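Enquirer:
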Amino acid sequence: MKRTGIVILLAAVLMLSWALACHAQQDPANVGTPAFKPVSSKSGNMTLRYGFLGASVYDGSTKKWNFHKMTTITRGKVEGFVNMVNDRFALAAGLHEVSVYDYGKHQWAVYRGRGADDSTGMLKTNFEMTGDYVKVKTLNGPWIRYTGAAGWQEVSK
307 MKRTGIVILL
317 AAVLMLSWAL
327 ACHAQQDPAN
337 VGTPAFKPVS
347 SKSGNMTLRY
357 GFLGASVYDG
367 STKKWNFHKM
377 TTITRGKVEG
387 FVNMVNDRFA
397 LAAGLHEVSV
407 YDYGKHQWAV
417 YRGRGADDST
427 GMLKTNFEMT
437 GDYVKVKTLN
447 GPWIRYTGAA
457 GWQEVSK
């Protein structure tokens, strides 16, 4: 009887430690592999990592990584288009959604209507980032534009 109690107690302890390990906070800077090279803003206030598991931004003012899980596009030809960063925004465009990290708000803004149009011949025109907005062509859909004031909006080219 005593031996059975010890075995049950040991099994309970192992199950509890396994459950805690599974629910532990994962490294928010880990975006998996394959991954593109990290890109930083000119001022160095943000660094974007984009990989198989999603996108993560290091926000220099909060000194934290902010991970966003998404289905990414990791074929080599789209590097530098689906993952862009400037001093205000970090773009992470995926198969099913388009996400922007807004440095002013210190959070991700996600457009879930459609994914980005990553047609190889149109990469230079389908992704546009300025200091005021981010504009992306969606796959078989409209153009979308993100501004800090209005958020995501469908727009004409």
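To get the numbering used here, take the position in the sequence shown, counting from 1, and add 306. Glycine included, C-beta positions come from ideal geometry on N, C-alpha and C. Quantities reported herein were computed from a predicted structural model and do not represent experimental measurements.
Three or more C-beta pairs under 8 Å: does that hold for the segment 411-418 against the segment 426-435?
Expert: No, because fewer than three Cβ pairs between the segment 411-418 and the segment 426-435 fall closer than 8 Å, the two stretches do not touch.
Enquirer: Considering only DSSP beta bridges, list what Arg355 is partnered with.
Expert: Along the sequence shown, read from residue 1 onward, the residue named residue 355 stands at position 49. Beta-bridge pairing links Arg355 to Ser362.
Enquirer: Can you tell which of Thr377, Arg420 and Gly350 has the C-alpha that lies nearest to the C-alpha of Ala361?
Expert: Stepping through the sequence shown from its first residue, residue 361 is reached at position 55. The option with the nearest alpha carbon to Ala361 is Thr377.
Enquirer: Compare the C-alpha of His374 against each of Gly338, Ile312 and Gly447 and name the closest.
Expert: As a first step, residue 374 must be located in the sequence shown, where it is residue number 68. When only C-alpha atoms are compared, the closest one is Gly338.
Enquirer: Look up Ala317 in the DSSP assignment and say whether it is helix, strand or coil.
Expert: The residue labelled residue 317 in the question sits at position 11 within the sequence shown. Ala317: helix per DSSP, three-state reduction.
Enquirer: Quick one, are the C-beta atoms of Ala470 and Met352 less than 7 Å apart?
Expert: Residue 470 lies beyond the range of the chain shown here (307 to 463); nothing can be said about it.
Enquirer: In its own chain, which residues sit with a C-beta less than 7 Å from the C-beta of Glu491, not counting the 5 before and 5 after it?
Expert: Summary: the structure shown does not reach residue 491, with the chain confined to residues 307 through 463, and so no result is reported for it.
Enquirer: In the structure shown, what three-state DSSP assignment does Asn372 receive?
Expert: As a working note, residue 372 is residue 66 in the sequence shown. Note: Asn372 maps to strand in three-state DSSP.
Enquirer: For Arg420 versus Leu401, is the C-beta spacing smaller than 7 Å?
Expert: The residue labelled residue 420 in the question sits at position 114 within the sequence shown. The residue labelled residue 401 in the question sits at position 95 within the sequence shown. Contact: no.
Enquirer: With Asn372 and Pro334 assumed to form a contact (beta carbons below 8 Å), what rounded beta-carbon distance in angstroms separates them?
Expert: In the sequence shown, residue 372 corresponds to position 66, counting from 1. In the sequence shown, residue 334 corresponds to position 28, counting from 1. So it is a contact: roughly 7 Å between Cβ atoms.
Enquirer: What is the DSSP secondary structure of Arg309, reduced to helix, strand or coil?
Expert: Counting from 1 along the sequence shown, the entry for residue 309 is found at position 3. Note: Arg309 maps to helix in three-state DSSP.
Enquirer: Leaving out five residues on either side along the sequence, give the residues of the same chain with a beta carbon under 8 Å from the beta carbon of Trp449.
Expert: Against the sequence shown, residue 449 aligns to sequence position 143. Excluding residues within five positions, the ones whose Cβ falls inside 8 Å are Lys441, Val442, Lys443, Glu460, Val461, Ser462 and Lys463.
Enquirer: Considering only the alpha carbon of each residue, which of Ser346, Arg381, Ser347 and Tyr364 lies closest to Gly357?
Expert: As a working note, residue 357 is residue 51 in the sequence shown. That would be Arg381, whose Cα lies nearest to the Cα of Gly357.
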